[in-house]
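Below is one structure; the comments refer to it alone.
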Amino acid sequence: MAGKLIDLQDLRSFIQDGDTVAVGGAWLYMHPMALVRELIRAGCKDLTLLVNMASIDADLPIGAGCIREVQFTFISLTLFGLAPNFRRRVENGTLKATEYCEELLTAGLKAASWGVGFVPSPQPLGSDILRVVHPELKVIECPYTGQKLIAVPAMKPDVALIHAQRADEQGNVQIPCMTFLDIDMARASDRVIVSVEEIVSTEEIRRTREQTVLFHWEVDGVVHLPWGAHPTSCVGHYPYDPWHYMEYAEMAQREETFQQYLERYVYLPRHQDYLQAIGEERLALLKELKEGVKIWE
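Okay, so the sequence shown: first residue is 18 according to my numbering, each after it adds one.
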């Protein structure tokens with residue numbers, strides 16, 4: 018493959034069992050779902066999953082048995098209910114769940130991306146998150162103002178998986194909409210894999226350089242995966258798929274039906290087989306709806 022372009026099946030060579038894997042996106046938007054499904058197919062295990070405002074991107078690999086620990090700010094199917102696999106595994110004690118507020122997660126990723134041991138943050142002083150969840154965090158005094166601050170240690174994932182609208186073959190990545198914590202995750206991580214809707218020329222990247230969020234030296238691999246965020250949305254290309262979310266929410270309620278979901282949508286040879294399982298009619302409908310999806314533009 019030219020430049021940074023890799024095949025989907027190459028993902029396994031970037032992820033070792035036991036790694037910490039950061040997954041981008043938020044709520045129902047811009048999750049690298051094709052990469053997540055490949056992570057499951059490849060048999061990755063004992064992973065620590067680091068997510069911000071997570072949805073099916075976390076619940077799916079948790080249910081598939083790939084995740085030993087999840088570090089998160091929020092996990093839910095949002096409009097479609099709770100995250101069944103996440104809830105089930107926390108309740109039965111087979112998943113370690115470590116909660117962060119978004120300020121702590123952001124500060125920890127910033128520290129790693131800047132190459133420093135910690136970043137001071139005023140949040141969440143006064144909350145029970147410090148007393149109950151993170152008593153290990155140290156409170157320091159600002160040498161200039163005397164303000165009390167939390168010294169948030171660097172959080173450095175082994176791998177970051179994110180989805181973007183486009184990139185060139187050299188690995189310059191563009192996201193022309195809100196990026197949530199994706200860029201912090203990428204710059205904090207040792208290895209970065211990006212799935213994209215389109216591969217464009219370097220000349221086109223230069224022409225629209227204001228949309229470039231990651232440069233080629235920050236990216237280890239780019240996978241060309243149209244519909245790679247489905248069933249979550251990709252701004253400018255398609256909205257999230259409410260029908261698929263409803264199907265997932267129902268099938269994930271019980272172990273037996275969740276296994277059927279995996280067989281139907283995950284344990285397939287190719288990404289194209291997944292799209293065929295979704296169906297041309299559904300994809301065409303989502304394409305028609307995309308013009309109404311302006312929330313993050």
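A virtual CB, placed ideally from N, CA and C, is assigned to each residue, including glycine.
Inclusion of H180 and G245 in the CB contact set at 8 Å is warranted, their separation being smaller than that value.
A Cβ-Cβ separation of about 7 Å places F89 in contact with Y117 under the 8 Å criterion. In the three-state reduction of the DSSP assignment, F135 falls in the strand class, which pools E and B.
Nearest C-alpha to R104 among A114, F97 and E153: A114. Between P174 and M195, the C-beta spacing is not below 8 Å.
A contact is defined here as three or more CB-CB pairs under 8 Å, and the segment 183 to 200 meets this definition with respect to the segment 229 to 238.
Residue range G238 to H241 is occupied by the beta strand (DSSP E) that includes G238, with no alpha helix (DSSP H) assigned at that position.
Of the candidates C61, G296, L96 and L112, the residue whose Cα lies closest to the Cα of I73 is L96.
With a contact defined as Cβ atoms closer than 8 Å, V217 and R183 qualify at about 5 Å.
In the three-state reduction of the DSSP assignment, K165 falls in the strand class, which pools E and B.
In the structure shown, M195 adopts coil according to DSSP, grouped into three states. Residues E214 of the same chain have their beta carbon placed closer than 7 Å to that of P243, with the five preceding and five following residues left out of the count.
Going by beta carbons, T249 and G42 fall inside the 8 Å limit. Of K155, T37, P101 and L306, the smallest CA-CA separation from P259 is found for L306. Around the C-beta of V283, 16 or more other C-beta atoms lie within 10 Å, and the residue is accordingly described as buried. Between Y291 and R54 a beta carbon distance of about 7 Å is seen, short of the 8 Å cut, so the two are scored as contacting. Counting the other Cβ atoms within 10 Å of the Cβ of Q191 gives 16 or more, which makes it buried.
For I222, the enclosing alpha helix (DSSP H) stretches over residues T219 to R224. The Cβ neighbour count for I79, taken over all protein chains shown within 10 Å, is at least 16; the residue is labelled buried. For the pair I32 and V176, the CB atoms are nearer than the 8 Å cut-off.
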